[in-house]
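Following: one structure in structure tokens, then a few remarks.
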Amino acid sequence: MEHDTVRVRIAPSPTGALHLGLARTALYNWLFARGHNGVFILRIDDTDENRNQPEMLAPILDGLRWLGLDWDEGPEKGGPHAPYFQSERREIYQQAVDRLIACGAAYRDYATTEEIAAEREQARAEGRTFRYSRRWMAETAADCARFEAEGRRPVVRLKMPDAGTLVVDDLIRGRVEFDLGLEQDHVIQRQDGSFLYHLTSAVDDALMGITHIIRAEEHLSNTPRQIFILQSLGYPLPKFAHLPYVAEPGSKNKLSKRKLKEYLKKPDFAELLARGEKIARRLGLDTSPELFNPVVIDFYQQTGFLAEALVNYLALLGWSYDDRTEFFTPVELVERFALERVVRSPASFDPNRLMAFQVHYMMALPVAERTGLVLPYLVRAGLVSEPVSPEVRQRVERIVTAAGDRIKVAGDILDYDYFFVRDEELVYDEPAVKKWLGGEQQCRMLARVRELLAGAVQFESEVLMRVLEDFARRENVKGMAVSQALRVAVTGKDYGFGIGDVLSICGKERVLARIDRVLERDRF
RNA sequence: GGCCCCAUCGUCUAGCGGUUUAGGACAUCACUCUUUCAAGGUGAAGGCACCGGUUCGACUCCGGUUGGGGCCA
0 MEHDTVRVRI APSPTGALHL GLARTALYNW LFARGHNGVF ILRIDDTDEN
50 RNQPEMLAPI LDGLRWLGLD WDEGPEKGGP HAPYFQSERR EIYQQAVDRL
100 IACGAAYRDY ATTEEIAAER EQARAEGRTF RYSRRWMAET AADCARFEAE
150 GRRPVVRLKM PDAGTLVVDD LIRGRVEFDL GLEQDHVIQR QDGSFLYHLT
200 SAVDDALMGI THIIRAEEHL SNTPRQIFIL QSLGYPLPKF AHLPYVAEPG
250 SKNKLSKRKL KEYLKKPDFA ELLARGEKIA RRLGLDTSPE LFNPVVIDFY
300 QQTGFLAEAL VNYLALLGWS YDDRTEFFTP VELVERFALE RVVRSPASFD
350 PNRLMAFQVH YMMALPVAER TGLVLPYLVR AGLVSEPVSP EVRQRVERIV
400 TAAGDRIKVA GDILDYDYFF VRDEELVYDE PAVKKWLGGE QQCRMLARVR
450 ELLAGAVQFE SEVLMRVLED FARRENVKGM AVSQALRVAV TGKDYGFGIG
500 DVLSICGKER VLARIDRVLE RDRF
């Protein structure tokens with residue numbers, strides 16, 4: 000057993016988005032595989048015809064790739080157990096169902112939905128747990144013929160044992176016991192011939208040689224029937240590891256992208272989304288909540304988060320190495336990740352903590368690299384044209400340096416659009432204008448500062464700062480009054496990084512022009 | 001309703017019977033620095049859900065209660 004190659008898988012449905020919870024499950028599987036020299040398999044659960052569209056799969060593949068979770072077998076890669084799309088494996092499932100029927104582990108059932116419902120209702124009325132009576136179970140070809148003569152159509156059900164205990168030795172949860180006498184005869188094939196999840200999943204896991212099933216906790220209750228299928232078919236059992244699910248911000252409910260409205264009541268979550276939307280709108284991206292929200296990996300990719308930050312955060316959402324290490328490179332994660340140290344209780348998604356990781360990783364990058372990350376956003380917002388000239392690049396680098404960790408995600412560069420727009424396009428924050436340039440005196444002071452700056456030979460940050468300080472002292476005004484008046488005139492806002500840097504990066508000509516514009520504007 | 005899982009600061013977690021006045025991180029608050037906004041520095045506040053056992057000793061083991069969640073209906 001120990002010598003077998005570790006083989007793990009994730010089996011997402013093509014739903015159009017890579018959800019945070021799935022991303023974490025994928026990460027844990029990937030870490031486990033890489034840490035054991037194993038194989039990470041991607042299998043697509045696209046048995047639901049209605050949603051089976053290629054464009055719904057792309058975001059999931061892109062998201063996994065972006066996170067660095069490369070798969071060894073699966074879509075685009077192929078592999079020895081192809082096809083990896085369940086929609087293409089129907090014959091395999093049919094054979095499995097036939098075998099299950101042949102060995103008595105499953106049966107054709109001709110009951111109608113109404114008849115089953117009636118039985119269930121009766122059980123409830125009598126206060127006992129419902130279990131199907133198998134009254135319309137067909138055991139022979141004659142049975143089938145008879146039922147079909149009545150116009151009935153069969154489903155295939157598992158014929159679960161009447162009694163007994165099934166034990167799952169879960170790698171994370173330990174020993175979990177189930178009373179087989181309480182299990183239902185679940186349907187594994189519908190009337191229309193389509194197959195149900197438990198069947199396809201168990202069969203594929205066996206056929207693909209999966210050794211460890213690492214999946215979310217909600218599947219724990221389903222494990223007995225999958226084990227029953229596996230055993231009935233004569234396959235060896237994989238090991239199971241059921242992960243706690245990822246919960247909502249500030250609660251223990253399972254995270255769901257359908258409950259976005261509720262999450263928005265949480266300030267942290269709302270702030271994160273607002274940050275993303277601000278960026279996305281500038282890029283002309285679709286910000287409809289279905290596709291663009293912090294529950295979905297694509298959101299982070301689009302707004303300029305670093306994959307390392309997400310990976311580090313996700314790794315720690317339900318796992319820890321020790322009592323203090325919080326930063327891990329992917330290599331360290333691979334080395335240290337262990338299922339035994341996965342926590343058993345659900346962990347809620349905390350935007351703040353994620354942001355803290357993002358800032359850490361962002362600031363760890365050299366300025367040149369951060370500049371490289373930020374430039375595409377300027378280009379896509381139409382503020383910088385391609386190819387990017389060395390001058391522009393250097394200018395952006397200066398902004399990135401001056402901004403420091405105000406640029407938390409790459410898209411935040413768009414907050415500094417005032418360095419790129421034409422003077423007449425500059426947007427002024429009216430309250431700020433009113434506050435710092437609303438009065439006659441303030442404008443007169445700005446006019447004098449303008450003359451001072453017009454005479455400046457060197458337009459560098461430190462020099463300018465000294466000039467402004469001297470000016471404030473001489474005129475007996477507060478330094479802040481000077482710097483803020485200038486800031487509003489040049490950037491339109493009353494916040495931002497150091498005024499010396501602002502002026503210097505903006506450049507003398509433009510600074511003077513913008514001051515003139517503001518002074519002009521205020522006369523009316 | 002039945003079955004299963006879970007339970008340490010607001011959040012993520014460390015803790016695997018005594019080394020613990022329960023440690024770290026994020027968030028929060030205060031002070032400090034600062035010619036704006038951030039950041040930085042210093043510090044504070046904040047938790048073992050409850051009740052029984054077992055034990056010389058329980059956050060740690062067992063049982064129950066409560067609460068939360070999941071699956072099946």
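Numbering (numbering that gives the first Met the number 0), first residue to last: 0 to 523. We treat Cβ as the ideally placed atom computed from N, Cα and C, and that holds for glycine. The model shown is predicted, which means the values in this text are computed figures rather than measured ones.
How many angstroms separate the CA atom of residue i from the CA atom of residue j?
i	j	result
Arg513	Gly491	10 Å
Leu271	Leu56	26 Å
Lys264	Phe291	17 Å
Ala140	Arg42	36 Å
Glu261	Phe268	10 Å
Glu87	Gly303	36 Å
Val5	Met207	11 Å
Leu382	Asp416	7 Å
His185	Arg172	25 Å
Val456	Val366	28 Å
Asp388	Leu374	The displayed chain sequence assigns Ser, not Asp, to residue 388. About 11 Å.
Ala148	Tyr109	11 Å
Phe419	Arg520	21 Å
Glu120	Val245	35 Å
Arg189	Ile100	14 Å
Met0	Asn36	Annotation note: pLDDT 47 at Met0 (below 50); position unreliable, coordinate value reported separately. Approximately 15 Å between the Cα atoms of the pair.
Asp321	Asp515	60 Å
Arg174	Asp47	33 Å
His197	Val358	42 Å
For residue i, which three-state DSSP category applies?
i	result
Gly73	strand
Ser503	helix
Glu1	In this predicted model, Glu1 has a pLDDT of only 49, less than 50, meaning its place in the structure is not dependable; the value taken from the coordinates is given anyway. DSSP places Glu1 in coil when its eight states are reduced to three.
Glu385	coil
Ala551	In this structure the chain extends from 0 to 523, so residue 551 is not present and cannot be described.
Gly478	helix
Ser460	helix
Arg393	Residue identity differs from the one stated: residue 393 is Gln in this sequence, not Arg. Helix.
His197	helix
Gly403	helix
Lys6	One point to set straight first is that residue 6 is Arg, not Lys, in the sequence displayed. DSSP places Arg6 in strand when its eight states are reduced to three.
Leu511	helix
Val358	helix
Ser347	strand
Leu315	coil
Ile59	helix
Leu332	helix
Phe129	coil
Arg522	Confidence at Arg522 is low in this model, with a pLDDT of 49, below 50, so the placement of that residue is unreliable and no value is reported for it.
Below 9 Å between beta carbons: does that hold for residue i and residue j?
i	j	result
Ala431	Phe496	no
Lys507	Ala453	yes
Leu502	Val510	yes
Val489	Leu436	no
Leu451	Ile498	no
Glu474	Arg449	no
Asp204	Gln230	no
Ile187	Ile228	yes
Gln183	Tyr234	no
Arg134	Lys158	no
Leu364	Leu305	yes
Based on DSSP bridge pairs, tell me the residues matched to residue i.
i	result
Glu90	Answer is none; Glu90 lacks a bridge partner.
Phe419	In the DSSP output, where bridge partners are listed per residue, Phe419 has none listed.
Ala136	Reading the sequence as shown, one finds Met at residue 136 and not Ala. According to DSSP, Met136 bridges with Asp108.
Val466	Bridge partners of Val466: none, in fact.
Glu176	Val166
Lys253	Ala246
Leu157	Ala105
Ala240	Ile213
Pop quiz: residue i and residue j are said to be a contact at Cβ under 8 Å. What is the actual Cβ separation, rounded to whole angstroms?
i	j	result
Arg281	Ala380	5 Å
Ala137	Arg156	That belief does not hold up - the Cβ atoms of Ala137 and Arg156 are roughly 11 Å apart, past 8 Å.
Phe239	Val167	6 Å
Arg394	Ile504	7 Å
Pro345	Pro243	4 Å
Ile40	Gly62	Ile40 to Gly62, Cβ: 17 Å. No contact.
Arg33	Val333	4 Å
Asp256	His18	Reading off the sequence, residue 256 comes out as Lys, not Asp. Between His18 and Lys256 the Cβ distance is about 6 Å, and since that is below 8 Å, they are a contact.
Leu567	Val310	No answer is possible for residue 567: it lies beyond the span of the chain, which begins at 0 and ends at 523.
Ala525	Leu232	Nothing in the structure corresponds to residue 525, since the chain is present only between 0 and 523.
Ser384	Pro248	In fact, because the Cβ distance is near 40 Å, the residues do not count as touching under 8 Å.
Thr361	Asp404	Correcting the residue identity first, residue 361 is Met in this sequence and not Thr. Correct: roughly 7 Å between the Cβ atoms.
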